[in-house]
Every structure is written in C-alpha cells, then in structure tokens.
Amino acid sequence: MKRIAVFTSGGDAPGMNAAIRAVVRGGLHHGVEIFGIIRGYNGMIKGDIIPLNSQSVSNIIQRGGTILKSARSKEFMTPEGRKKGYDQLKSHGIEGLVAIGGNGTFTGAEIFFNEFQIPTVGAPGTIDNDLFGTDYTIGYDTAVNTALDAIDKIRDTADSHDRIFFIEVMGRDSGYIAVQSGISGGAESILIPEERQTIEDVVRTLKAGFEKKKSSSIVVVAEGDEEGHAAIIAERIKNTIDVPVDIRVTNLGHIQRGGRPSAYDRILASRLGLGALEGLLAGHKNEMAGIVNDQLVYTPFHDTITKKKEINPDLLRLSGILSK
Ligand code: F6P
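Converting from the sequence shown to the numbering used here requires adding 380 to each position, the first position being numbered 1.
In structure tokens form, the structure reads like this:
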C-alpha cells in the first residue's frame, strides 16, 4: 500500500488534529504517501483530496476542531454517492483509508467496504465515548473537563442563591459525559439514557436535599435522557415539587466540542492515529483501532456500531451514595 487517505467525519472532537498528525507522520516513517480528504465523505464524493506532508500537520497537536474539516454526509448514504466517492479515490490512486469519527462514520465505512473493498481502519473520534472496542474515544476527556469547569462555575452561583440547576450535557444516546462530569462535579442527580430514573425519583432526591438545608443542587442531564431535555424535565419538576425552590436551566451545548485537547486526548489520539495507520499497513480492514486496558486492539466496524459499551454500574452506585 503506497497511498492512503485520512479524513474526519461526523461531530468534531478535540484531539482529532493530533490523530491526523499521527497518521501523516506515521506515513512518512513507513514510506507511504498520505492524502487528506476535506469534509469527510462529502469531500470524498467531490474529490476534495489533497496531499499532506510533515509541514501540513506542524503546530496542530494543541488545536481543537479538525484541520480537515468535518461533515455529516447525506449523499454518502446513497449508493450513487458512495460510487462517486469510490471513483474519486480510484482516480487519486488511494489504496486505503483511515477514518476518524464515531458511529455514523463507521456505519458508512462498513457499507462502503462491503461494496468496494477499499481497506479502511478507523480511529474513534467522538466526545460521546459511546463506541464498543475502546475504553475511551478521542475528545471525551476534554469534553468532560469542559463540562466540569462549567458545572463548578454554576455551583458557585447556585450556592449563592440557594438554587437548583439542571445542566444539560451532550451525548446523543449516551450518558458517559453526564456520569463523569456529574460525579466529579458532585451532582445531586445524574440522568442518563442507560438508566431509567423517573421524575418522581428526582423530586424525591431534591426534596431530601431541601429538607437537609442543602444550599444548592445540581442535576446533570444527558441530552439523550428518556424523560426529555433538561428544560422539559425542569419544567415538569417545577410543577411537581411542593417546596419553595428556585430552579434554573443551562444547556452547555457545542462548547463541549471545542477547545484545546487535554494531554490525555493528545496521547490517546496519537496512539490511535498511528495504530489505525499501522493496522492498515499490516492488513487490517473494516476495523476500528481502540485502546482496551492500555493495549492497542482492533474491533470489526460491525461490532463497534452494534454492540453497546455499558456504563460501569459501580459509578452509578457511587454517585447515588456520595451525592446525598
Ligand atoms: O456525536 C457527538 C455529538 O456532539 C452528540 O453528543 C450530539 O448529539 C451531536 O453530536 C450534535 O451534533 P450536531 O453538531 O450535528 O448538532
């Protein structure tokens, strides 16, 4: 394999640039030409494919976002779109792909591989940490710390005003960011899609805090929670709780996707970027590189997208005990 292309796709995540850098510099080390595809699958379809060299990736390890840009491509979901993408790769002489992204990216990669057999290895890049086959995904640690910084600040004002705050964090179908930022921020309650908690459960917790004269309470809500978004849940609780409490809502939103990647994410991304490239060169295909128990492993795309990575129940238990 002499020419490989790398791209980022789906929601960006801090550390994606460090992963791109690892692919490019790893390619130089192994004597392979590396090309970058701009805007994920959309760029593949349009032939927006450029050569990358060592200089192209200098001074990016510390930058959030992705220098290759990202997109969620509707056209790649169609057979016609994928055929266009394949033709572009062929005309650029690309023999293998490194895909940096999440669930949607690898769903597309698996279909594409089955249709055209272009060897592809993925590196997990998503703040959601919801991919089976790796303990952590690129961007998750930074996103948790961004959320935690906001929770700490909100705690200051909540405490000054004796208020209850509902803070919504990202995680489309996953409560990882909520659990980690909630435990480290001392949240009184954490609502996630993986664990069913009713409005009545939350009211009970908050009332207990009120009766104990807690000066503030924080409820962290994952955006994918079954009971709805933080604003909806807060409204329902306002109408149910029969003690005089002042309630406010904050949605942290896309701020969680930006910013300088943490040291942890830069190292993880460097390992996974190089791991994906070297896996491809060693003959892996249709798989995602991951780190499990500090070891580099490869998991079929099919498993990464269909198997559920469970949240450690010990963490939920711990949160329940310590937040009283
Ligand atoms: O997958 C990462 C993520 O940030 C999710 O947590 C969130 O639901 C989604 O992307 C938001 O996507 P968009 O930026 O397209 O609105």
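Glycine included, every Cβ here is placed at the ideal spot set by N, Cα and C.
- DSSP places I414 in the uninterrupted beta strand (DSSP E) bounded by E413 to I417.
- Here the alpha carbon of P459 sits roughly 21 Å from the alpha carbon of G482.
- In the same chain as Q468, and ignoring 5 residues on each side of it, the C-beta atoms closer than 8 Å to its own belong to M424, I425, K426, G427 and I429, in chain order.
- Taken through DSSP and simplified to helix, strand or coil, V625 comes out as coil.
- Boundaries of the alpha helix (DSSP H) around P459: P459 to S471.
- For R552, the Cβ falls inside the 6 Å cut-off from some heavy atom of the ligand F6P.
- If the five residues before and after G638 are omitted, its C-beta is found closer than 6 Å to the C-beta atoms of G444, all from its own chain and listed in chain order.
- Assignment of E580 by DSSP, reduced to helix, strand and coil, places it in the helix class.
- The C-beta distance from A489 to T500 rounds to 5 Å, short enough to meet the 8 Å contact threshold.
- Using a cutoff of 6 Å, the CB of G391 counts as near the ligand F6P, since one of the ligand's heavy atoms is closer than that.
- The Cβ atoms of Y466 and F493 lie no closer than 7 Å to each other.
- The ligand F6P has no heavy atom closer than 6 Å to the beta-carbon of D645.
- In the three-state DSSP reduction, T537 falls in the helix class (H, G or I).
- Around D521, the same chain offers S642, Y644 and D645 as residues with beta carbons nearer than 7 Å, after the five sequence neighbours per side are excluded.
- Taking the Cα positions, A567 is about 27 Å away from T514.
- Around the C-beta of E548, 16 or more other C-beta atoms lie within 10 Å, and the residue is accordingly described as buried.
- Taking a C-beta distance under 7 Å as the contact criterion, G604 and R552 qualify as a contact pair.
- DSSP, reduced to helix, strand and coil, places A611 within a helical segment of the structure shown.
- Of G390, S434 and G420, the smallest CA-CA separation from G411 is found for S434.
- Inter-residue distance for L661 and Q577 is about 47 Å (C-alpha atoms, whole angstroms).
- Residue range T500 to P504 is occupied by the beta strand (DSSP E) that includes G502.
- Beta-bridge annotation (DSSP): Q675 is paired with V672.
- Assignment of G481 by DSSP, reduced to helix, strand and coil, places it in the strand class.
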